[in-house]
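Shown next, in structure tokens, is the structure this report addresses.
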Amino acid sequence: MFRTVEQSIPAHLISGAPRPAPMTVCLIYSAADPFAVRMAFPAAVALSGTEVTWTFARSLLDEGLRAAAGRGDVRIRPRDSTRTLVELRSAEGTALLRFPTGRLRHFLLHAYAAVPAGTESCAVDLDGGLSALLRGARDGQD
Numbered sequence: 001m002f003r004t005v006e007q008s009i010p011a012h013l014i015s016g017a018p019r020p021a022p023m024t025v026c027l028i029y030s031a032a033d034p035f036a037v038r039m040a041f042p043a044a045v046a047l048s049g050t051e052v053t054w055t056f057a058r059s060l061l062d063e064g065l066r067a068a069a070g071r072g073d074v075r076i077r078p079r080d081s082t083r084t085l086v087e088l089r090s091a092e093g094t095a096l097l098r099f100p101t102g103r104l105r106h107f108l109l110h111a112y113a114a115v116p117a118g119t120e121s122c123a124v125d126l127d128g129g130l131s132a133l134l135r136g137a138r139d140g141q142d
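In this text, residue positions in the sequence shown follow UniProt numbering: the first is 1, and each later residue adds one.
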């Protein structure tokens, strides 16, 4: 059975407002998708009015706690010794969030306990995935 790690973490949205807006973000790691971390934002803070989830590499979060990391839509970097910045870019705009570094490290500790670094490929069910794809292709034939 695949293990899932979920942790609610306080964050602040950095914007042009005088004070950063507080929110709680849920980080999710599943051994069923061992390379990825999901960051779920509640509907109350999303422009769409529905929960929004960003998915990115677990290694990106790990690297971003030590030094600036990321080139695409997700960029992570330390702000100082206790806070980490996460920048999310989309067609709608850019969001800059500040997280307590210790809480992110705690989440990663549990994610690495579920699937240790370097063993992610062993956790992926390639045969099952390939079988499902081939079954879908076969079912679609006349």
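Glycine included, each C-beta is placed from N, C-alpha and C at the ideal position.
Shown here, G93 sits in a strand according to DSSP, grouped into three states. Contact check for R77 against I9 fails: the beta carbons are separated by 9 Å or more.
Under a 10 Å Cβ-count criterion, G16 is classified as exposed, with fewer than 16 other Cβ atoms of the shown protein chains found around its own Cβ. Judged by DSSP in its simplified three-state form, S81 adopts coil rather than helix or strand. In the three-state reduction of the DSSP assignment, F35 falls in the coil class.
When the beta-carbon positions are compared, R58 and F35 come within less than 9 Å of each other.
If you draw a straight line from the Cα of A113 to the Cα of P100, it is about 21 Å long.
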